[in-house]
Amino acid sequence: MYFAALLARTEDGWEASDTELDDVETLSDLADLAREASPDDDTVLVLIEQEDAWFGVVRIDGEDDPRIYVSDAAAAARSSYGEILLTDELLGREPGDDSADLDSLDLDGTEDGEPDDDDTDAGDGGSAEAVPHGPVGDTAVLDDLGVSEKELLSLSEDALTAIAESLGASEVLETVR
6 MYFAALLART
16 EDGWEASDTE
26 LDDVETLSDL
36 ADLAREASPD
46 DDTVLVLIEQ
56 EDAWFGVVRI
66 DGEDDPRIYV
76 SDAAAAARSS
86 YGEILLTDEL
96 LGREPGDDSA
106 DLDSLDLDGT
116 EDGEPDDDDT
126 DAGDGGSAEA
136 VPHGPVGDTA
146 VLDDLGVSEK
156 ELLSLSEDAL
166 TAIAESLGAS
176 EVLETVR
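Residues 6 to 182 (our numbering) are what the sequence shown spells out, left to right.
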């Protein structure tokens with residue numbers, strides 16, 4: 006189960022709206038959706054959570070490039086919404102570099118299920134390097150809004166609620182939950 010919400014900072018404080026990500030296929034689509042929530046180029050946060058498995062924060066400030074933080078890249082990689090956030094740049098790969106995906110394939114001639122005597126873990130190395138377990142992205146994404154890097158890295162269960170509380174937006178977030 007997923008939860009996704011937009012928090013837009015306005016002159017009057019934070020405004021929340023829930024959002025459907027079904028039509029969002031790329032980070033650019035997500036950024037455009039967030040920018041629509043704030044016509045005055047104010048800060049907009051996209052908060053995404055999957056049942057305590059992982060959460061992500063995307064920050065859009067006007068026309069600046071989105072800043073992204075994902076709590077667990079490996080868990081997010083198994084999610085269609087997480088894949089939107091896990092850009093090549095975020096994972097430290099060259100754009101369009103599919104070698105990590107190719108490395109994870111078992112093409113050593115043992116396709117019939119025969120074990121590879123030399124190294125039975127050869128297929129695991131490429132995928133582990135491609136998507137690390139643990140947090141990735143901009144850990145200072147919320148620093149100026151009251152959530153320090155240390156606090157962000159320590160969040161696990163109810164992370165979005167804790168973030169909203171720090172921002173002073175817990176009530177508006179709960180209205181869309």
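No residue lacks a Cβ here, since even glycine has one placed at the ideal position from N, Cα and C.
Quick caveat, the model's predicted, so the values are computed rather than measured.
Residue i - DSSP class collapsed to helix/strand/coil
i	result
Ser22	strand
Asp66	strand
Leu38	helix
Ala10	strand
Val29	coil
Val136	coil
Extent of the continuous beta strand (DSSP E) to which residue i belongs
i	result
Glu54	Thr48 to Gln55
Arg182	It is not in any beta strand (DSSP E) - Arg182 carries neither H nor E in the DSSP assignment.
Beta-carbon proximity list for residue i, same chain, < 6 Å, skipping 5 on both sides
i	result
Ala36	Ile65 and Pro71
Arg14	Asp47 and Thr48
Beta-carbon spacing of residue i, residue j below 8 Å
i	j	result
Leu96	Ala81	no
Ser84	Gln55	yes
Leu160	Ser33	no
Proximal residues to residue i (C-beta, below 7 Å), its chain only, five neighbours per side dropped
i	result
Leu157	Tyr74, Thr144 and Leu147
Range of the contiguous alpha helix (DSSP H) that encloses residue i
i	result
Ala80	Ala78 to Ala82
Ser85	Ser85 to Leu90
Spatial neighbours of residue i in its chain, beta-carbon cut-off 8 Å, leaving aside the 5 residues before and after
i	result
Val181	Ala10, Ala21, Ser22 and Asp23
Glu154	Thr144, Ala145 and Asp148
In chain order, which alpha helix (DSSP H) runs of at least 4 residues are fully inside the region 139-166? 154-159
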